[in-house]
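Structure first, commentary second.
Numbering (the numbering used here), first residue to last: 30 to 653.
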């Protein structure tokens, strides 16, 4: 690109003299920036594939097409970026490493062109050809290397597969940061600019990842993946950071780069090890990468494509768990390739106190208690019922019957006050003897026999605050699969009213995930965590007290987690009725105002949810 543009005869001598003066007084980097800016403002710098892709989407009714029309960078945006980067005080060289093997000719050229057309000029493209047998590959790579001195090519003498080839590319990298590009994928023209912009705002960043979408063989953009910020437990369940990933090269070298034997999941293994060395992990909530979909790519996500990649991922997760001093087993999520469930060993079966506030409705409470005592396999638990002023004879008889049947495990304490969920639970904690507290609504029914075990597995981990479950309505649709801040002005439930069989957005329903909050209808935490945050906030008598509890845990540095393999029925609001009277709505608004006064910043930006997903519904649809 630079060769052809600078070889135009018009005014070439005067331009060269001018550049010579700039070079002598300002240095190479400043000269390069001046040249690049001149060229960028004159040339159409958008990669051909992208020019074709976005308009092709924009003509139909697809929601992502409308999103692209609103958010994809236009030429004017790119020109503005080219001007803005002039004032960046920090302009690190970013080494884009790309292992290559027999890449289809068109895809290879488009991948390289997507780097050449970057707004940000301070890059080098480090290509390692893994002994391709197609002769055109070497010819194309040599041609591009001759055109642009920033393109460096290494030809391996023998095929070593992707991990070794990536390491070969890494060996010739000199940049402070390394970005990974597959040989048939595309960077958006602003990709490295956005990385550099973040580094100027956060020079402490060691790892940066962006959102991504897919591009098919017809260059049509589809299937955007709008990601959460860094969620370690979500990451242990699937490789979600993926593309575009940019890493500090010194840490890559410290951990030994890519490991052979993890082909197909070598990036996942790399990031698992990388994130054990740093917590400076940042997310750019923009589409910066187009992942090519064709029959041989892992983007296809079918069982026939690279099944070894999924086996390598399980091995990488298992080794990460072991390195971190934890014990557990890894299993793939049935029917959902690339998603995994970590089941930790329980180090000590400490007492779990199951806390249930109630008032009359003996039949419903009895159904809940029956399911606990008959189905639970955890060996060490107690049930504490707080009676909030029951008056019916059937309820008194129920308490007496359960006290007789379970004298050591069932306890009932009266607290006859106006309904205040936090006060009832805080009082119950003073009576509880357990190291684990499991807050449970009286209108629930256990489905999963090892529900307590699964929740303890997570709650025992020092980093975990609240543990939540998958709750279903009696028609087998989802009532709760995690709480998302900002939905419906305050908070909403992930995938509410979806069928229980749905995988959800990017398999969110079926995969262990971090959320900012989980519902108090079934919530476990350690007693020491509960005590450290002062328990439930009693100002929030009915609504949002569980959300507030969880956000206090987040503020203390704990992570909250949703477990899809813990399933209960929740016959919601059968105990107190629905919030559908003017008085109840007024009270809800008052309590919403209290929550906003405490946690507005979390409502505005939920780190476990993308700003590009809707806040108007609970369905994870695109925010257009």
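Beta carbons: idealized from backbone N, C-alpha and C, even for Gly.
Given the structure is predicted, the values throughout are model-derived calculations rather than measurements.
- Shown here, residue 649 sits in coil according to DSSP, grouped into three states, outside any helix or strand.
- A straight-line Cα-Cα distance of about 18 angstroms links residue 400 and residue 549.
- Around residue 487, the same chain offers 493, 496 and 590 as residues with beta carbons nearer than 6 angstroms, after the five sequence neighbours per side are excluded.
- Comparing alpha carbon positions, the residue from 433, 626, 338 and 472 closest to residue 393 is 472.
- Taking a 10 Å sphere around the C-beta of residue 587, we find 16 or more other C-beta atoms and assign the residue as buried.
- In the DSSP assignment, residue 197 falls within the unbroken alpha helix (DSSP H) covering 190-200.
- When Cβ pairs closer than 8 angstroms are counted between the two stretches, the region 304-313 is seen to touch the region 216-235, the count reaching three or more.
- As for any beta strand (DSSP E) of minimum length 3 sitting wholly inside the region 211-245, the runs are 236-244, ordered along the chain.
- Inclusion of residue 281 and residue 199 in the CB contact set at 9 angstroms is warranted, their separation being smaller than that value.
- Boundaries of the beta strand (DSSP E) around residue 508: 507-509.
- For residue 442, the number of other beta carbons within 10 angstroms of its own is below 16, and it is reported as exposed.
- Assignment of residue 631 by DSSP, reduced to helix, strand and coil, places it in the helix class.
- Residue 523 sits away from residue 535, with the two beta carbons spaced by 9 angstroms or more.
- Our two residues, residue 320 and residue 257, have alpha carbons roughly 18 angstroms apart in a direct line.
- Here the C-alpha atom of residue 99 lies approximately 20 angstroms from the C-alpha atom of residue 147.
- As computed with DSSP, residue 387 is found in a beta bridge with 416.
- A distance below 9 angstroms separates the beta carbons of residue 122 and residue 205.
- If you look at residue 155, you'll find it in the beta strand (DSSP E) that goes 152-158.
- With a minimum length of 4 residues, the unbroken runs of alpha helix (DSSP H) contained wholly in the region 282-344 fall at 295-303.
- Taking C-beta separations shorter than 8 angstroms and ignoring five residues to either side along the sequence, the partners of residue 409 in its chain run 378, 379, 380 and 381, following chain order.
- Among the bridge pairs identified by DSSP, residue 442 is matched with 415.
- Straight-line measurement puts the Cα of residue 518 at about 53 angstroms from the Cα of residue 170.
- The region 498-508 makes no contact with the region 611-623: fewer than 3 CB pairs, one atom from each, lie closer than 8 angstroms.
- Between residue 539 and residue 593 a beta carbon distance of about 5 angstroms is seen, short of the 8 angstroms cut, so the two are scored as contacting.
- Using a Cβ distance threshold of 9 angstroms, residue 273 and residue 241 count as a contacting pair.
- Excluding residues up to 5 positions away in sequence, 396, 397, 400, 597 and 598 lie with their Cβ nearer than 7 angstroms to the Cβ of residue 474 in the same chain.
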